[in-house]
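Note sheet for the following structure.
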C-alpha cells in the first residue's frame with residue numbers, strides 16, 4: 144500500500160517536473176518579449192534589458208551584389224551567437240538607416256539576441272519610393288541569406304510604405320524559398336485605396352470614412368512621385384510645393400501651381416483632389432512613368448499566395464496614414480495561420496503609445512516572433 148502511494152507521489156512529481164520543463168521555454172520567451180517591449184518604451188533610458196545585457200556591437204556592413212553597391216549597418220549581440228538574422232527596413236525618412244528611433248530599435252533587437260542588418264534605402268530616404276526599392280531590398284535579403292553559415296532563420300521587418308517593396312522582394316526567386324518571416328508594421332495592401340484615403344478621407348477597403356487622414360499624407364504622396372515627372376521644372380515646383388505644405392498646411396502655393404506644365408498639373412490634381420469618385424479618372428490621367436511605378440508597387444495585384452515566409456502583421460486601429468483595413472485585407476487574403484494580425488489600439492502608425500491594450504498586442508507579436516525563430520533554429 145505504502146509503495147503504491149510512494150509510486151503515485153513520484154508519478155505526480157515526475158509529471159509536474161515535466162510540465163514545468165515544458166513550460167520553461169514559454170515562460171522565458173514571454174519574459175524576453177516583455178523585456179523587449181519595456182526597452183522600446185524606455186528609449187534611451189534605463190531598462191531591465193539594458194541592465195542584463197551588454198551594448199551590442201555596431202559595424203559597417205556595406206556590400207556589392209550584381210554590381211550594385213549598398214550601404215548598411217550590422218548590429219550584433221555582445222555575447223553569444225544570434226538566434227536569427229533580421230533585416231530591418233526604414234520607411235520614408237531623410238535620415239535613412241541612421242534615423243535615431245530605428246537605431247534604438249535595432250539596438251534593442253540585438254540585445255535580445257538578433258543579428259540585425261539595417262540597409263540604406265535611397266528611394267525611401269529621398270521620399271521617392273519605386274521599383275528600385277524592391278530590387279534593393281531583394282539584394283539585401285539575398286546577401287543576408289547567402290552569408291548565413293547555418294540554418295538559423297533570416298527574416299525582415301518593414302514599416303509603413305516599405306512594406307510593399309519588402310513583400311515584393313520576399314516573392315522573388317532565390318529569396319522566396321529561403322526567407323523565414325516578414326514582419327509588416329503599419330503597411331499597405333492596395334495602393335489605389337491608400338491614395339484615395341490620403342487625399343479624400345474615404346477608405347475603399349472598409350467602405351466608409353474612417354479616422355480623418357493625416358494632412359501630411361497627400362504631400363508625402365506628392366514628394367514620392369514628383370521626381371518621376373518628365374519635366375524637371377515640374378518636379379522641382381511640386382517638391383517645393385510639398386515642402387511648403389509639410390512645413391505649414393496653410394502655406395500659399397498658388398503661384399507654384401500656376402507654373403506647372405500638363406504633367407505636373409495632372410499629378411497636382413490627384414494630390415489636391417477631395418472627391419473619392421474622381422480618383423480613378425485622375426490616376427488614369429497621370430504620366431505613364433508614374434502609372435507604371437504605382438502599378439508595380441501595388442500588392443493587391445500580386446501573387447501573394449506564393450509567399451513562403453510567415454507574415455506577421457502589426458497595425459494601429461486608428462492609423463491616420465495607412466488604415467488598418469490594409470493589414471486586415473492581407474490577413475483575410477492569406478489567412479490567420481499564414482498571416483496573423485495584431486491590432487494595437489495605441490499604435491499611431493509606427494509610433495508606440497503606452498497603453499495596456501497596445502502593450503498586450505505588441506507582446507503577443509514579439510512572443511510569436513520569438514517562438515517562430517526558436518522553432519526554426521531548433522531544426523538546425
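Numbering (our numbering), first residue to last: 144 to 523. Positions of the beta carbon are idealized from the N, C-alpha and C atoms, including for glycine. The structure displayed is predicted, hence computed values, not measured ones.
Whole-Å CB distance - residue i paired with residue j, under 8 Å assumed
i           : j           : result
residue 300 : residue 505 : Rounded, the Cβ-Cβ distance is 13 Å, inconsistent with contact.
residue 280 : residue 245 : Residue 280 to residue 245, Cβ: 15 Å. No contact.
residue 366 : residue 388 : About 10 Å; that fails the 8 Å criterion.
residue 139 : residue 240 : Nothing about residue 139 can be read from this structure; the chain reaches only from 144 to 523.
residue 520 : residue 226 : 6 Å
residue 450 : residue 313 : 6 Å
residue 306 : residue 230 : That pair is no contact at about 13 Å.
residue 217 : residue 204 : 4 Å
residue 304 : residue 336 : The pair is not a contact, with the Cβ atoms about 14 Å apart (cut-off 8 Å).
residue 285 : residue 318 : 6 Å
residue 176 : residue 513 : 6 Å
residue 345 : residue 452 : Contact doesn't hold; Cβ gap of about 32 Å is too wide.
residue 228 : residue 169 : At roughly 24 Å, the Cβ-Cβ gap does not stay under 8 Å, so residue 228 and residue 169 are not in contact.
residue 302 : residue 210 : Going by Cβ atoms, the distance from residue 302 to residue 210 rounds to 29 Å, so no, they are not a contact pair.
Simplified DSSP assignment, three categories, for residue i
i           : result
residue 453 : strand
residue 251 : helix
residue 404 : coil
residue 165 : Residue placement at residue 165 is flagged as unreliable, the pLDDT there being 48, under the threshold of 50; the coordinate-derived value follows with that caveat. Helix at residue 165.
residue 276 : helix
residue 343 : helix
residue 352 : strand
residue 496 : Caution is warranted here: a pLDDT of 48 is assigned to residue 496, below 50, making its placement in the model unreliable, and the coordinate value is therefore given only provisionally. Coil, per DSSP.
residue 233 : coil
residue 264 : coil
residue 296 : coil
residue 487 : strand
residue 211 : strand
residue 478 : coil
residue 319 : coil
residue 313 : helix
residue 332 : coil
residue 515 : helix
residue 467 : coil
residue 376 : helix
residue 447 : helix
residue 368 : helix
residue 424 : helix
residue 221 : coil
residue 472 : helix
residue 291 : coil
When the options are compared against residue i, the one with the closest alpha-carbon
i           : options            : result
residue 190 : 247, 375, 442, 205 : 247
residue 404 : 294, 373, 413      : 373
residue 353 : 270, 243, 384, 469 : 469
residue 441 : 486, 334, 481      : 334
residue 425 : 349, 510, 392, 338 : 338
residue 364 : 475, 510, 343      : 343
residue 321 : 307, 302, 298, 336 : 298
residue 224 : 480, 274, 257, 467 : 257
residue 502 : 478, 479, 182      : 182
residue 429 : 416, 408, 418, 419 : 408
residue 390 : 359, 250, 471      : 359
residue 184 : 220, 169, 278, 251 : 251
residue 238 : 220, 349, 259, 263 : 263
residue 437 : 368, 268, 318, 346 : 368
residue 131 : 445, 488, 514      : Because residue 131 is not part of the residues shown, which for the chain are 144 to 523, the question remains open.
residue 193 : 210, 221, 209, 211 : 221
residue 213 : 376, 270, 276      : 276
residue 541 : 228, 340, 395      : Summary: the structure shown does not reach residue 541, with the chain confined to residues 144 through 523, and so no result is reported for it.
residue 378 : 472, 406, 295      : 406
residue 564 : 186, 477, 201, 465 : Residue 564 falls outside the range modelled here, since the chain spans only 144 to 523, and no answer is possible.
residue 361 : 349, 422, 375      : 422
residue 236 : 219, 209, 266, 249 : 266
residue 413 : 433, 288, 351      : 433
residue 351 : 270, 411, 274, 467 : 467
Residues that DSSP places opposite residue i in a beta bridge
i           : result
residue 216 : 203, 261
residue 227 : 257
residue 301 : 232, 327
residue 459 : 487
| query | Counting pairs of Cβ atoms below 8 Å between the stretch 328-338 and the stretch 452-465, do you hit three or more? | reply | yes
| field | Validate contact between the stretch 390-409 and the stretch 461-468 using beta carbons, cut 8 Å, 3 pairs | value | no
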